[in-house]
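To start, the structure under review is shown below, and the notes come after it.
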Amino acid sequence: MQKITDLTQLSGLLSPFLQKGVFTNNFLMLPDYEKYLSQGLLYYTQTETGVLLFHRRHTHWQLYYFLKRLNASFALPQDKPTVMEIVSRANDDSFASVLAFWEKNGFQNRLPRKRMQAFAPQTKLAPAREVNFARHGDAKAVLELIKASFDPYLGCIPTQAEIEQKIAQGEVICCKEADKLQGVLEFARKGNTFFIWHLAVSPQFRRQGVARKLLAFLSALMQREGKRKIQLWVQTTNLAARKLYEQSGFHDDGWESAGLLYLPKTRKE
Amino acid sequence: MEEKVLAILAALNPDVDFTAETNLIDDDILDSFDIITLVGELNDTFKLDIGPQHLLPENFNSVTAIINLIKKLQAEG
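Sequence lines, in order, name chains D and W.
For what it's worth, our numbering labels the leading residue of the first sequence as 56, then goes sequentially.
For what it's worth, our numbering labels the leading residue of the second sequence as 81, then goes sequentially.
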């Protein structure tokens, strides 16, 4: 595996594969590439039929593949797990064969998800006084709750610095009672959309309407800022969460994804 | 050229009137997951070399922007 030093080198590697018919899970745009390159976090491996691009993270490698055929053989990093997300429209016939290829190469589909969106989320709940934007001092508890609630590799766990930045941007909402964090909603503003990255409720406060209060706050904020829709990914097997979202006005938007994990052969999870 | 671009876009999402939209990326009408498919189709159809350096929202926000990118790359030869 070799480090990619600049955009010229990256373009030379990827351009032959930005063609019709190439299998890829890539969705990065130029600002993403520039950010990762400036941080020295992009690596690659060439195979006989394509390129594997690796983004080095604290706990794992994030893989983006560009393959002309699904018959390549390659060596994966053995120092930490490798994860990737394959996103597809629900009616894409090639999804199953792509998944089967990667499972044959040692990956497991650990996190199947569906994307949901809402154009007019229900806002019947009055704003709850215990729900508000997180403050800087909430960062540690917020991060702990997110870590405890989501997959360590595929859950897009932010760093302390990242969550502090999100709090400063007004993109973290907390539900607190007597300074005890009951639930958190972390989202991102993108164009006319609010994208929910994490919605988590502490186990002892579940089934008490905390998630609904957080969603109601976000819905009111959406209307106040004139946004058009809210999007999120939900684990396909998490029926309770899907029901909550459906009751709040969300519906499947036709996209699905597989979160794949490869554990090094010497490593026990 | 415009007809071909519109046909490629329609294949991605037949429910959208792409002639009227000017914020395809910023308004999330074209999904980020669609961009790589779009780039592959454009490279193939117009024999272009759209690379990572061109993957900016402003190059794909409207049919006009896409045509401008195609023309620019064709002029660069």
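A virtual CB, placed ideally from N, CA and C, is assigned to each residue, including glycine.
(request) Identify, in the order they occur along the chain, each residue of the same chain with its Cβ nearer than 8 Å to the Cβ of L92 (chain D), setting aside the five sequence neighbours on each side. (result) For the purposes of this step, residue 92 (chain D) is taken as the residue at position 37 of the first sequence. In its chain, beyond the 5 residues on either side, I59, T60, D61, L62 and L65 have a beta carbon closer than 8 Å to the beta carbon of L92 (chain D).
(message) Between which two residues does the beta strand (DSSP E) holding R170 (chain D) run?
(response) Working through the first sequence from its first residue, we reach residue 170 (chain D) at position 115. Residues Q163 to A173.
(message) Quick check on the DSSP output: what are the complete beta strand (DSSP E) runs of length 3 or more inside the stretch 190-277 of chain D, in order along the chain?
(response) Listed in chain order, the complete beta strand (DSSP E) runs (minimum 3 residues) inside the stretch 190-277 of chain D are 227-232, 235-245 and 248-256.
(message) Please identify the residue among D:K245, D:Q74 and D:G264 whose C-alpha is closest to the C-alpha of I285 (chain D).
(response) What you label residue 285 (chain D) is simply residue 230 of the first sequence in a count that begins at 1. For the set D:K245, D:Q74 and D:G264, the Cα lying nearest the Cα of I285 (chain D) is the one of D:K245.
(request) Could you tell me which chain D residues have their CB closer than 8 Å to the CB of N123 (chain W), listed as they occur along the chain? (result) Taking the first residue of the second sequence as 1, we reach residue 123 (chain W) at position 43. For a Cβ distance threshold of 8 Å, residue set L73, Q74 and K75 of chain D lies close to N123 (chain W), ordered along the chain.
(request) Specify the secondary structure class of F150 (chain D) as computed by DSSP and reduced to three states. (result) Residue mapping note: residue 150 (chain D) aligns to position 95 of the first sequence, counting from 1. Helix.
(request) State the Cα-Cα distance for the pair T214 (chain D) and L122 (chain D), rounded to the nearest angstrom. (result) Start at 1 with the first residue of the first sequence, and residue 214 (chain D) comes out as number 159. Start at 1 with the first residue of the first sequence, and residue 122 (chain D) comes out as number 67. Separation of T214 (chain D) and L122 (chain D) (C-alpha to C-alpha, rounded to the nearest whole angstrom) is 31 Å.
(request) Let me know the secondary structure DSSP gives I88 (chain W) once reduced to three states. (result) On the second sequence, residue 88 (chain W) is found 8 positions in, with the first residue counted as 1. It is helical.
(request) Taking F121 (chain D) as part of the beta strand (DSSP E), name the residues at either end of that continuous run. (result) As a working note, residue 121 (chain D) is residue 66 in the first sequence. W116 to L122 is the extent of the beta strand (DSSP E) around F121 (chain D).
(request) Check whether the Cβ atoms of E138 (chain W) and I88 (chain W) sit closer than 7 Å, and answer yes or no. (result) Within the second sequence, numbered from 1, the residue matching residue 138 (chain W) stands at position 58. Within the second sequence, numbered from 1, the residue matching residue 88 (chain W) stands at position 8. No. Outside cutoff.
(request) Taking a Cβ distance cut-off of 8 Å, strictly less, list which residues of the stretch 74-95 of chain D are near chain W, in chain order. (result) Against chain W - using a Cβ distance shorter than 8 Å - the residues of the stretch 74-95 of chain D are Q74, K75, G76, V77, T79, N81, F82, L83, M84, L85, P86 and Y88.
(message) Can you list, in chain order, the residues of its chain with a C-beta nearer than 6 Å to that of L92 (chain W)? Leave out the 5 residues immediately preceding and following it.
(response) The residue labelled residue 92 (chain W) in the question sits at position 12 within the second sequence. The beta carbon of L92 (chain W) sits closer than 6 Å to the beta carbons of D114 from its chain, once the five residues preceding and following it are set aside; these are given in chain order.
(message) Buried or exposed, going by whether 16 or more other CB atoms sit within 10 Å of the CB of D147 (chain D)?
(response) Residue numbering aside, residue 147 (chain D) sits at position 92 when the first sequence is read from its first letter. Its Cβ having fewer than 16 others within 10 Å, D147 (chain D) is exposed.
(request) Under the assumption that M139 (chain D) contacts Q163 (chain D) (Cβ atoms under 8 Å), give the Cβ distance between them as a whole number of angstroms. (result) Position 84 of the first sequence holds residue 139 (chain D). Position 108 of the first sequence holds residue 163 (chain D). Rounded, the Cβ-Cβ distance is 12 Å, inconsistent with contact.
(request) Would you identify the three-state DSSP class for L69 (chain D), choosing helix, strand or coil? (result) Taking the first sequence and counting its residues from 1, the one referred to as residue 69 (chain D) is at position 14. Correct three-state label for L69 (chain D): helix.
(message) Here's the rule I'm using: 16 or more other beta-carbon atoms within 10 Å means buried, otherwise exposed. How should K169 (chain D) be labelled?
(response) Here residue 169 (chain D) refers to the residue found at position 114 of the first sequence. Under this definition K169 (chain D) is a buried residue.
(request) Would you tell me roughly how many angstroms separate the C-alpha atoms of R267 (chain D) and A296 (chain D), rounded to the nearest one? (result) Indexing the first sequence from 1 puts residue 267 (chain D) at position 212. Indexing the first sequence from 1 puts residue 296 (chain D) at position 241. Spanning the two alpha carbons is a distance of roughly 11 Å.
(request) Indicate whether at least one CB of chain D lies closer than 7 Å to the CB of P94 (chain W). (result) Position 14 of the second sequence, counting from 1, holds the residue named residue 94 (chain W). By this cut-off, P94 (chain W) is not an interface position.
(request) Measure from the C-beta of L104 (chain W) to each C-beta in chain D and report whether the shortest distance is under 7 Å. (result) Counting from 1 along the second sequence, the entry for residue 104 (chain W) is found at position 24. L104 (chain W) does not count as touching chain D.
(request) List the endpoints of the continuous beta strand (DSSP E) containing S312 (chain D). (result) Numbered from its first residue, the first sequence carries residue 312 (chain D) at position 257. Run containing S312 (chain D): H306 to Y317, per the beta strand (DSSP E) assignment.
(message) Spatial neighbours of P319 (chain D) within its chain, please: C-beta separation below 6 Å, excluding the five flanking residues on both sides.
(response) As a first step, residue 319 (chain D) is located in the first sequence; it is residue number 264 there, counting from the start. If we look at P319 (chain D) and ignore the five residues flanking it on each side, its Cβ neighbours are Q133.
(request) Note down, in chain order, every chain D residue with its Cβ under 8 Å from the Cβ of G131 (chain W). (result) Looking up residue 131 (chain W) in the second sequence gives position 51. Under a criterion of Cβ atoms nearer than 8 Å, the residues of chain D adjacent to G131 (chain W) are, in order, S66, L69, S70 and L73.
(request) Output the boundary residues of the beta strand (DSSP E) element that contains R111 (chain D). (result) Against the first sequence, residue 111 (chain D) aligns to sequence position 56. Counting along the chain, the beta strand (DSSP E) containing R111 (chain D) begins and ends at G105 to R111.
(request) Could you tell me which residues DSSP pairs with W288 (chain D) in its beta bridges? (result) Here residue 288 (chain D) refers to the residue found at position 233 when the first sequence is read from its first residue. Under DSSP, the beta-bridge partners assigned to W288 (chain D) are D:R170.
(request) Just tell me which of W:D106, W:H134 and W:I109 has its CA closest to the CA of V119 (chain W). (result) Taking the second sequence and counting its residues from 1, one reaches residue 119 (chain W) at position 39. Considering only alpha carbons, the answer is W:H134.
(message) Can you check which of these residues, D:S257, D:Q259, D:I222 and D:F249, is closest to Q278 (chain D) by C-alpha distance?
(response) Reading the first sequence from its first residue, position 223 is the one you call residue 278 (chain D). Measuring from the Cα of Q278 (chain D), the nearest candidate turns out to be D:F249.
(request) Classify E280 (chain D) as buried or exposed, calling it buried when 16 or more other Cβ atoms lie within 10 Å of its own Cβ. (result) If you number the first sequence from 1, residue 280 (chain D) lands on position 225. Residue environment: E280 (chain D) is assigned as exposed (fewer than 16 neighbouring CB atoms within 10 Å of its CB, all protein chains considered).
(request) Using three-state DSSP, classify V138 (chain D) as helix, strand or coil. (result) Indexing the first sequence from 1 puts residue 138 (chain D) at position 83. In the three-state reduction of the DSSP assignment, V138 (chain D) falls in the strand class, which pools E and B.
(request) Count the other C-beta atoms from every protein chain shown that fall within 10 angstroms of the C-beta of L294 (chain D), then say buried if there are 16 or more, exposed otherwise. (result) The residue labelled residue 294 (chain D) in the question sits at position 239 within the first sequence. Counting the other CB atoms within 10 Å of its CB gives L294 (chain D) a total below 16, which places it among the exposed residues.
(request) Determine the chain W residues that contact N247 (chain D) at a beta-carbon separation under 7 Å, and present them in chain order. (result) The residue you call residue 247 (chain D) lines up with position 192 of the first sequence. What N247 (chain D) touches in chain W: D107 and D108.
(request) Kindly say whether L89 (chain W), judged by its beta-carbon, lies nearer than 7 Å to any beta-carbon of chain D. (result) Residue mapping note: residue 89 (chain W) aligns to position 9 of the second sequence, counting from 1. No, no contact with chain D.
(request) With distances taken Cα to Cα, identify the nearest neighbour of T99 (chain W) among W:D111, W:F140, W:L128 and W:D129. (result) Taking the second sequence and counting its residues from 1, one reaches residue 99 (chain W) at position 19. Closest in C-alpha terms to T99 (chain W), from the list W:D111, W:F140, W:L128 and W:D129, comes W:F140.
(request) Could you tell me which residues DSSP puts in a beta bridge with Q94 (chain D)? (result) Taking the first sequence and counting its residues from 1, one reaches residue 94 (chain D) at position 39. DSSP, once it has assigned bridges, lists no residue as partnering Q94 (chain D).
(message) Can you list, in chain order, the residues of its chain with a C-beta nearer than 7 Å to that of T291 (chain D)? Leave out the 5 residues immediately preceding and following it.
(response) Looking up residue 291 (chain D) in the first sequence gives position 236. By the criterion of a C-beta distance shorter than 7 Å, T291 (chain D) is surrounded in its chain by P167, R168 and K169, once the five residues flanking it on both sides are discounted.
(message) I want to verify the contact list: residues of chain D whose CB lies under 8 Å from the CB of L135 (chain W), in sequence order.
(response) Within the second sequence, the letter at position 55 stands for residue 135 (chain W). Neighbours of L135 (chain W) on chain D, chain order: L83, M84, L85 and Y88.
(message) For a contact defined as C-beta to C-beta under 7 Å, what are the partners of V142 (chain D) on chain W?
(response) Taking the first residue of the first sequence as 1, we reach residue 142 (chain D) at position 87. Neighbours of V142 (chain D) on chain W, chain order: F113.
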